[in-house]
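Structure record follows, encoded as structure tokens.
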Amino acid sequence: MRVPVANAYELYRGLKDTGQDVKMAIFKQMPHGATKPGQSLAIMEQNIEWFREKMLTNT
Numbered sequence: 001m002r003v004p005v006a007n008a009y010e011l012y013r014g015l016k017d018t019g020q021d022v023k024m025a026i027f028k029q030m031p032h033g034a035t036k037p038g039q040s041l042a043i044m045e046q047n048i049e050w051f052r053e054k055m056l057t058n059t
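Heads up: the sequence shown begins at 1 in the working numbering, then just goes up one per residue.
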């Protein structure tokens, strides 16, 4: 299932407009969810970066 990227941008802008600390990563040529090992790795790396930034530095 594909989710229109415009929806992601709309959510991002809405959160940003309310002062939320947000970051968006767009993975080209990827459906809603990873289908290849390299895609899974890229998503996991983004998640780890977020946890390091948000969880480990705010203790």
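C-beta atoms are modelled at their ideal positions from N, C-alpha and C, and glycine is treated no differently.
For Ile26, the three-state DSSP class (helix, strand or coil): coil
Where the alpha helix (DSSP H) containing Gly14 begins and where it ends: 5-17
Nearest residue (CA-CA) to Val3, options Gln20, Met44, Gly33: Gly33
Inter-residue Cα distance where the pair is Pro37 and Met44: 11 Å
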